Amino acid sequence: MSAQVMTDPETALGHLERLTEVLRSRGWTVEVTAPADRRPSALVANPEMRALQENVIAAPERSGGAWAYFYSWGERIAPCDDPSGAATLLGRVLAARRDG
Numbered sequence: 019m020s021a022q023v024m025t026d027p028e029t030a031l032g033h034l035e036r037l038t039e040v041l042r043s044r045g046w047t048v049e050v051t052a053p054a055d056r057r058p059s060a061l062v063a064n065p066e067m068r069a070l071q072e073n074v075i076a077a078p079e080r081s082g083g084a085w086a087y088f089y090s091w092g093e094r095i096a097p098c099d100d101p102s103g104a105a106t107l108l109g110r111v112l113a114a115r116r117d118g
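Residue numbers for the sequence shown, in my numbering: 19 to 118.
Shown next, in the form of structure tokens:
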């Protein structure tokens, strides 16, 4: 097993922790898990409506090797060097709309 494989979960967790800090400072509920058999992930939930939630992972992008945040289904959210931007986009997706 190469050193790259062994450090990937630690790198992913570090990126998720930075995102978690930003999200929590904005009032979002976040639970980070790092199971041994899977990539670390963050469950982000709207505190006003917990059913509005999404799992987020941090992973290297296919081209260039830069890291990015992704939704659980694989869609890219934002680069990991912009946790504030990622938090803003997640906030839009998980916002409870009260139109009317």
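Each residue gets a CB set at the ideal place from its N, CA and C atoms; glycine is no exception.
As the structure is a computational prediction, the values presented were derived from the model and not from experiment.
Point to revise | Three-way DSSP call (helix, strand, coil) for Pro53 in this model | key: Here the question's residue 53 lines up with position 35 in the sequence shown. Coil at Pro53, not helix or strand.
Check your understanding: Could you give the distance in angstroms between the alpha-carbon of Gly82 and the alpha-carbon of Tyr89?
Key -> Counting from 1 along the sequence shown, the entry for residue 82 is found at position 64. Counting from 1 along the sequence shown, the entry for residue 89 is found at position 71. If I take the Cα positions, the gap works out to 20 angstroms.
Review point. Pick from Thr47, Pro53 and Val74: whose alpha carbon is nearest that of Ala60?
Key: In the sequence shown, residue 60 corresponds to position 42, counting from 1. The option with the nearest alpha carbon to Ala60 is Val74.
Review point. Thinking just about the alpha-carbon of each residue, which of Thr38, Arg56, Asp55 and Arg57 is nearest to the one in Glu49?
Key: Taking the first residue of the sequence shown as 1, we reach residue 49 at position 31. Out of Thr38, Arg56, Asp55 and Arg57, Thr38 has the C-alpha closest to the C-alpha of Glu49.
Practice item. Check whether the Cβ atoms of His33 and Trp91 lie closer than 8 angstroms to each other. Key: The residue labelled residue 33 in the question sits at position 15 within the sequence shown. The residue labelled residue 91 in the question sits at position 73 within the sequence shown. Not closer than 8 angstroms, so no.
Check your understanding: From this set, Cys98, Ser43 and Thr47, which residue's C-alpha is nearest Ala76's C-alpha?
Key -> Locating residue 76 in the sequence shown gives position 58, counting from the first residue. Checked all of Cys98, Ser43 and Thr47; the closest Cα to Ala76 is Cys98.
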